[in-house]
């Protein structure tokens with residue numbers, strides 16, 4: 026199944042609530058993923074909070090062009106689930 030994001034909502038700090046096309050909803054904390062040229066600016070919480078759903082990419086993105094693969098976000102959202 027091709028996984029993509031259908032809703033995204035900034036919560037606080039570096040957390041984003043995501044809803045995926047399979048109906049699952051999860052929260053991802055991206056604080057430890059903000060390294061490298063594209064992601065360093067997102068350490069500024071005001072910049073991070075500008076996260077949006079990019080419907081062309083089917084994932085979250087920021088105005089500086091940074092984005093993350095929906096498959097990675099899905100894994101991060103549910104990696105601690107027991108089911």
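Numbering (my numbering), first residue to last: 26 to 108.
Cβ coordinates follow ideal geometry from the N, Cα and C atoms, glycine included.
Remember, predicted model here, so these are calculated numbers, not experimental data.
For residue i, count the other beta carbons within 10 Å of its own beta carbon; 16 or more makes it buried, fewer makes it exposed. Which is it?
i	result
residue 84	buried
residue 36	exposed
Measure how close the beta-carbons of residue i and residue j come, nearest whole angstrom, since I'm counting them as under 8 Å.
i	j	result
residue 28	residue 46	7 Å
residue 78	residue 40	Incorrect: roughly 15 Å between the Cβ atoms, too far for contact.
Keeping to the same chain, check which residues put their C-beta closer than 7 Å to that of residue i; ignore five residues upstream and five downstream.
i	result
residue 102	43, 51, 52, 53
So if DSSP puts residue i in a beta bridge, which residue, or which two residues, is it bridged to?
i	result
residue 45	30
Just to confirm the assignment, what range does the alpha helix (DSSP H) spanning residue i have?
i	result
residue 72	70-73
residue 58	Looking at the DSSP string, residue 58 is not in any alpha helix (DSSP H), and its letter there is neither H nor E.
For the beta strand (DSSP E) containing residue i, list its first residue and its last residue.
i	result
residue 78	77-79
residue 86	84-86
Spatial neighbours of residue i within its chain, please: CB distance less than 8 Å, with the 5 preceding and 5 following residues excluded, ordered by chain position.
i	result
residue 63	89, 90, 91
residue 56	38, 39
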